[in-house]
Amino acid sequence: GNSVTQMEGPVTLSEEAFLTINCTYTATGYPSLFWYVQYPGEGLQLLLKATKADDKGSNKGFEATYRKETTSFHLEKGSVQVSDSAVYFCALRTNTGNQFYFGTGTSLTVIP
Amino acid sequence: SAVISQKPSRDICQRGTSLTIQCQVDSQVTMMFWYRQQPGQSLTLIATANQGSEATYESGFVIDKFPISRPNLTFSTLTVSNMSPEDSSIYLCSVGETENTEAFFGQGTRLTVV
Chain A
1341 GNSVTQMEGP VTLSEEAFLT INCTYTATGY PSLFWYVQYP GEGLQLLLKA TKADDKGSNK
1401 GFEATYRKET TSFHLEKGSV QVSDSAVYFC ALRTNTGNQF YFGTGTSLTV IP
Chain B
368 SAVISQKPSR DICQRGTSLT IQCQVDSQVT MMFWYRQQPG QSLTLIATAN QGSEATYESG
428 FVIDKFPISR PNLTFSTLTV SNMSPEDSSI YLCSVGETEN TEAFFGQGTR LTVV
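Residue numbers (my numbering), protein chains in the order written: chain A, 1341 to 1452; chain B, 368 to 481.
Given below as structure tokens:
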């Protein structure tokens, strides 16, 4: 079946620290992969995406590379800011259907 | 991208009553999805709302409890029927077109059942 496994949180980092949130997936076919961010009291916003193997998605200093050989899509940022505090969701969408599968979310808190 | 307006943004309801959540999209879309996000949890797909046909429900969700309407390509409603405190959750409307595109989300409806 299809599923997403995401690093458990919560994660607390100091400002300017390096961030990695691990995400691995199981899917049939060739999925597209996404990272969404949810700020407190808001809906989900797309952070970045990759639609095929070896693609790198990037946005606002965040990056993630679609690794088919390790079925991973880890989220990284070189220097986090307080404003990055949010919950991050890894997700996949299969190419055989229209359903999205979400990870459990990782809460990030960045302290000054 | 699609802009999605969801109403109400929050509500507190008595157990045994029903609440209808509205989702309006600023463009015509084929697929609309309804998700539930329980406190501290990830998103769980309730159903896919298809225009012109009945909604497709995921395992564990039934039409009697969560009736869905999709009268046109820009609008859908989800009703949470005969509510209990276990239905307290955030309900999210989402749209997504082709296989490689992202999903867009409404702001969510935060429902508390007392």
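Idealized CB from N, CA, C, for every residue including glycine. Treat the numbers as computed from the prediction; the structure is a model and nothing was measured.
For R403 of chain B versus A422 of chain B, is the C-beta distance shorter than 8 Å? No.
Based on Cα-Cα distance, which residue from B:V462, B:G407 and B:D454 lies nearest to M399 of chain B? Residue nearest to M399 of chain B within the set B:V462, B:G407 and B:D454 is B:V462 (criterion: CA-CA distance).
If we define contact as Cβ-Cβ less than 8 Å, is F472 of chain B a contact residue for chain A? Yes, because at least one Cβ of chain A sits closer than 8 Å to the Cβ of F472 of chain B.
Counting Cβ pairs, one atom from each stretch, are 3 or more of them under 8 Å apart for the segment 410 to 424 of chain B and the segment 1348 to 1365 of chain A? No, because fewer than three Cβ pairs between the segment 410 to 424 of chain B and the segment 1348 to 1365 of chain A fall closer than 8 Å, the two stretches do not touch.
Local Cβ density within 10 Å of P375 of chain B, reported as buried at 16 or more and exposed below that: With fewer than 16 other Cβ atoms within 10 Å, it is exposed.
Would you say the segment 1400 to 1417 of chain A touches the segment 1363 to 1376 of chain A, given that touching needs at least three Cβ pairs under 8 Å? The segment 1400 to 1417 of chain A is in contact with the segment 1363 to 1376 of chain A.
Within 8 Å, strictly: CB atoms of G1443 of chain A and V1344 of chain A: Closer than 8 Å, so yes.
Does any residue of chain A bring its CB to less than 8 Å from the CB of L459 of chain B? Contacts with chain A at 8 Å (Cβ-Cβ) include L459 of chain B.
Where T468 of chain B and S372 of chain B are concerned, what is the direct C-alpha to C-alpha distance, given to the nearest angstrom? The C-alpha of T468 of chain B lies about 20 Å from the C-alpha of S372 of chain B.
Candidates B:T384, B:A369 and B:V370, of which the one nearest V481 of chain B by Cα: Residue nearest to V481 of chain B within the set B:T384, B:A369 and B:V370 is B:T384 (criterion: CA-CA distance).
Rounded to whole angstroms, what's the CA-CA distance from D454 of chain B to K1392 of chain A? Just pull it up for me. The alpha-carbon separation between D454 of chain B and K1392 of chain A amounts to approximately 37 Å.
Contacts of S420 of chain B in chain A (Cβ-Cβ under 8 Å): For the C-beta of S420 of chain B, not a single chain A residue is nearer than 8 Å; the gap to the nearest is close to 14 Å.
Counting only beta-carbon separations shorter than 8 Å, does E469 of chain B have a partner in chain A? True, the Cβ-Cβ gap to chain A drops below 8 Å.
Residues of the segment 435 to 464 of chain B with a CB closer than 8 Å to any CB of chain A: list them in chain order, please. From the segment 435 to 464 of chain B, only L459, S461 and G463 have a Cβ closer than 8 Å to chain A.
Any idea what DSSP makes of E1355 of chain A, helix, strand or coil? In this structure, E1355 of chain A counts as coil in the three-state DSSP scheme.
What are the boundary residues of the beta strand (DSSP E) that includes V392 of chain B? Unbroken beta strand (DSSP E) run through V392 of chain B: L386 to V392.
Taking Cβ-Cβ distances below 7 Å as the criterion, which residues of the segment 1365 to 1397 of chain A are in contact with chain B? Taking a C-beta cut-off of 7 Å against chain B, the contacting residues of the segment 1365 to 1397 of chain A are S1372, F1374, E1382, G1383, L1384, L1386, K1389 and T1391, listed in chain order.
In chain A, which residues lie less than 9 Å from L412 of chain B when you measure between Cβ atoms? Residues of chain A passing the Cβ test: Q1439, F1440, Y1441 and F1442.
Which partner residues does D378 of chain B have in the DSSP bridge list? Under DSSP, D378 of chain B takes part in a beta bridge, and its partners are B:L478.
Determine, for S409 of chain B, whether the minimum Cβ-Cβ distance to residues of chain A falls below 8 Å. At a cut-off of 8 Å between beta carbons, S409 of chain B contacts chain A.
Proximity test, Cβ basis, 8 Å: F1413 of chain A and chain B: Output row for F1413 of chain A: interface = no.
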